[in-house]
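Have a look at the structure below before the remarks.
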Amino acid sequence: MRYARDALEHMAKRGIPAVPKNFAVWYGYAAGQNPDLTRTINVLVQSGKPFTDASNDELFEQFIGFGTQNEAMAKANESLEHLVGQVADILGNAGADVSRYGSYLQGVSGQIDPAAGAAGLKILVQELLAETKKVEQQNARLSQQLDKSSSEVKTLTDSLEKAKRDAMTDGLTGINNRKHFDLSLRDLCAQSMESGLPLCLLMVDIDHFKKFNDTFGHQMGDQVLKLVARTMSDVIRPGDMAARYGGEEFSVIMPNALIDDAEQIGNAIREAVASKKITKRSTGEVLGTITLSVGIGLYAPGEPLGKLVQRADAALYTAKRGGRNRVVSELQIDPAELAQQGLAKAS
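Counting in our numbering, the sequence shown runs without a single skipped number right up to 482 at its last residue.
Encoded structure:
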């Protein structure tokens, strides 16, 4: 709740419209959970430049980016606009009540007449107590209304967080999706450059997946994809990031890992998947086993991220060409072949 309140205060201070896209950005800033977002906003604040619609949209796309057409976003937009209107009405009514009470007190002050005696003063005191009681009741209602609005902000915040998680998750396998992979690769490679620690990328592909799909159907194919995703998640180290890259291809980002470390994890994934029998649940029929091919690339600090992905893909292609069901690193690719593809590292 504190983060939601801080986010709204930051936005109000800078004249930023209170719409869900902006709220998601500033909630992330207030929570301090994304160092890159925090650094970027701090730089913008220090520069003194205004937060325009364009800059607000850019912050959202760069650091939140779960799509303006997302149904959850549309609902959140409607909820937040309604909530902001509610709070504005509550505060407006409170201001009017205080103003009326102030006017009443001024009127009472003008009515105080020493010559009226005790009876006259008693009447004024009774009226004053009645008006004060009325204001107390109004303030109690205001407090209840603001508590309700606070609860709605919490609900909205939770819905935004869920929408963000859903947008970063592959709907079939439940692991990270391609968008999350792209964002994580950028962030983790930046951290690798800053720390000087190595980073490896594994590209993982299911061997003969199209043939399996054509033979046993897409539903069984989906079960295989889920199996691979689940196995990868079980095998990788804490801090590694597994994602479905697309189709039957997966990826693993391994911070603080050299090629030997990546080969060990790649083989552990490959062996774990190969050890599992694929069974048709409805009949119990055993359909066989599946194998994986894995390619590994080692990040060269400062290189375009696309080159790292292409190098890991080239290693994956070498594994396929070499007979599948194996792990190949970029070190096992002919340097001349890498140079021909423009993937050789700068010496």
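Ideal placement from N, C-alpha and C gives every residue a C-beta, glycine not left out.
Counting contacts by CB-CB distance shorter than 8 Å, is residue i in contact with chain D?
i: lysine 184; result: Among the chains of the structure shown, chain D does not appear; only one protein chain is present.
Quick check on residue i: does DSSP put it in helix, strand or coil?
i: serine 330; result: helix
i: proline 390; result: strand
i: tyrosine 380; result: strand
i: asparagine 96; result: With the chain represented from 136 up to 482, any question about residue 96 goes unanswered, as that position is not in the structure.
i: serine 319; result: helix
i: isoleucine 310; result: coil
i: leucine 143; result: helix
i: isoleucine 400; result: helix
i: aspartate 340; result: strand
So which of the options has the shortest CA-CA distance to residue i?
i: alanine 409; options: Met303, Gln445, Glu144 and Val359; result: Val359
i: leucine 307; options: Lys297, Gln326 and Gln354; result: Gln354
i: lysine 415; options: Phe351, Leu473 and Gly457; result: Phe351
i: serine 319; options: Asp301, Gly382, Thr366 and Gly374; result: Gly374
i: methionine 367; options: Arg321, Gly401, Thr187 and Asp141; result: Gly401
i: valine 339; options: Arg140, Gly309, Phe158 and Leu427; result: Leu427
i: tyrosine 164; options: Lys184, Ser190 and Leu194; result: Leu194
i: isoleucine 413; options: Leu443, Phe347 and Glu398; result: Phe347
i: leucine 393; options: Leu334, Asn312 and Phe198; result: Leu334
i: aspartate 396; options: Ser386, Leu433 and Ser417; result: Leu433
i: tyrosine 380; options: Glu398, Asn312, Ala325 and Asp322; result: Asn312
i: methionine 146; options: Gln181, Glu406 and Pro185; result: Pro185
i: tyrosine 138; options: Trp161, Ile151 and Pro152; result: Trp161
i: tyrosine 452; options: Ser190, Glu438, Asp469 and Pro439; result: Asp469
i: valine 180; options: Asn460, Ala378, Arg149 and Ala189; result: Arg149
i: glutamine 476; options: Asn460, Gly458 and Gln445; result: Gln445
i: lysine 314; options: Leu336, Ala153, Glu196 and Glu406; result: Glu196
i: arginine 321; options: Asp171, Ala153 and Glu144; result: Asp171
i: glycine 382; options: Ile371, Lys361 and Met376; result: Lys361
i: arginine 372; options: Ala403, Asp192 and Glu438; result: Ala403
i: alanine 302; options: Asn157, Asn191 and Ile199; result: Ile199
i: asparagine 460; options: Ala407, Asn191 and Ala471; result: Ala407
i: glutamine 326; options: Asn169, Pro152 and Ala142; result: Asn169
Run the CB neighbour count on residue i, radius 10 Å, all protein chains shown included, and call it buried at 16 or more, exposed below.
i: methionine 328; result: exposed
i: proline 155; result: buried
i: aspartate 342; result: buried
i: valine 363; result: buried
i: aspartate 369; result: exposed
i: valine 462; result: buried
i: arginine 140; result: exposed
i: proline 390; result: buried
i: valine 387; result: buried
i: leucine 466; result: exposed
i: serine 417; result: exposed
i: arginine 456; result: exposed
i: isoleucine 178; result: Note on residue identity: the sequence assigns valine, not isoleucine, to residue 178. When all chains shown are included, valine 178 counts as exposed.
i: aspartate 188; result: exposed
i: glutamate 300; result: For the sequence presented, residue 300 should be read as arginine rather than glutamate. Exposed, since its Cβ has fewer than 16 Cβ neighbours within 10 Å.
i: alanine 447; result: buried
i: alanine 159; result: buried
Give me the Cβ distance between residue i and residue j, rounded to the nearest whole Å; I'm assuming they're in contact under 8 Å.
i: leucine 473; j: alanine 435; result: Actually they do not touch by this definition, with Cβ atoms about 12 Å apart.
i: alanine 454; j: glycine 430; result: 6 Å
i: glycine 356; j: phenylalanine 344; result: 7 Å
i: serine 464; j: glutamate 420; result: Not quite, the Cβ-Cβ distance comes to about 37 Å (not below 8 Å), so this is no contact.
i: threonine 173; j: glycine 167; result: 6 Å
i: leucine 440; j: cysteine 324; result: 6 Å
i: isoleucine 310; j: alanine 378; result: 6 Å
Could you tell me the boundaries of the alpha helix (DSSP H) in which residue i lies?
i: leucine 473; result: 470-475
i: methionine 485; result: Here the chain covers residues 136 to 482 and nothing more, so residue 485 does not appear.
i: alanine 166; result: 155-166
i: glycine 356; result: 353-370
i: serine 182; result: 170-182
If you follow the beta strand (DSSP E) that residue i is part of, which residue opens it and which one closes it?
i: alanine 449; result: Taken as a continuous stretch (DSSP letters only), alanine 449 belongs to no beta strand (DSSP E), being part of the alpha helix (DSSP H) at 440-456.
i: serine 464; result: 462-464
i: serine 190; result: No beta strand (DSSP E) holds serine 190; the alpha helix (DSSP H) holding it covers 188-198.
i: glycine 374; result: First-last for glycine 374: undefined, no H or E at that position.
i: glycine 430; result: 427-433
i: leucine 422; result: 421-423
Examine the ligand MN and report whether any of its heavy atoms sits within less than 7 Å of the Cβ of residue i.
i: alanine 142; result: This structure lacks the ligand MN, and indeed carries no ligand of any kind.
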